[in-house]
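Residue numbers (this note's numbering): 311 to 455.
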C-alpha cells in the first residue's frame, strides 16, 4: 500500500514549493491537494466592500479554491496519483481534521514565515498544524515568496 500525503495549498509560492517538495520526496505516494475555503474570507469581503462585484475576482472562496487546485494539478505529471478537494472551515483545524478523517501518512505544507506582530495578529496555520496533527508534518519555508 502506498503512502498518502496531504498537501494543503492556497495558491501561494510557499504552497507551490510544498507541492514540489512532496512530489520529489514522495514520488510513489498518493498526493491529496487540499484547499481550505475559509467562510470568513467571503464574509469579510462582503462586509468591507458593500456592493463588491469585481468581474475579475472569483465569486467565492470555493470557486477560487477550485481554480487554484486546477492550476496546481496542471503542473504535475500524468503518472502521479493526485486527488484534489475543497473543504470549508478554519484552515488549521480543517487540515488536521482532514488528515485524521482520511488516514493520511503525512502532511507537507508551505509557510509564509511571518514573524513578530504579523504572526501574532494573523496566527500561524503551519504552527497549529504541527502542534495538533497526529502524523508527521513537514513545513516548507519559502523565504523568496
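Ideal Cβ placement from N, Cα and C applies to all residues, glycine included.
Contacts around residue i, its chain only, beta-carbon distance under 6 Å, and the 5 residues preceding and following it disregarded
i, result
"residue 446", "416"
"residue 314", "340, 414 and 415"
"residue 395", "344"
"residue 325", "319 and 420"
Nonlocal neighbours in the same chain, by C-beta distance under 8 Å from residue i, ignoring five residues either side
i, result
"residue 331", "418, 448 and 450"
"residue 348", "371, 398, 399, 400 and 401"
Simplified DSSP state of residue i, which is helix, strand or coil
i, result
"residue 387", "coil"
"residue 443", "coil"
"residue 319", "coil"
"residue 414", "coil"
"residue 370", "coil"
"residue 335", "helix"
"residue 313", "coil"
"residue 434", "coil"
"residue 420", "strand"
Top-ranked residue by Cα proximity to residue i, from the options
i, options, result
"residue 317", "414, 348, 403 and 438", "414"
"residue 337", "392, 324 and 401", "392"
"residue 343", "375, 403, 335 and 389", "375"
Proximal residues to residue i (C-beta, below 7 Å), its chain only, five neighbours per side dropped
i, result
"residue 406", "439, 442 and 443"
"residue 408", "316, 344 and 397"
Length of the line joining the Cα atoms of residue i and residue j
i, j, result
"residue 387", "residue 319", "18 Å"
"residue 372", "residue 400", "13 Å"
"residue 379", "residue 312", "22 Å"
"residue 410", "residue 345", "16 Å"
"residue 329", "residue 412", "19 Å"
"residue 327", "residue 321", "10 Å"
"residue 420", "residue 437", "11 Å"
"residue 435", "residue 389", "31 Å"
"residue 429", "residue 422", "The pLDDT assigned to residue 429 is 47, lower than 50, so where the model puts this residue is not dependable; a value taken from the coordinates is nonetheless given after this. Rounded to the nearest angstrom, the two C-alpha atoms are 10 Å apart."
Residue i - containing beta strand (DSSP E), residue span
i, result
"residue 346", "340-347"
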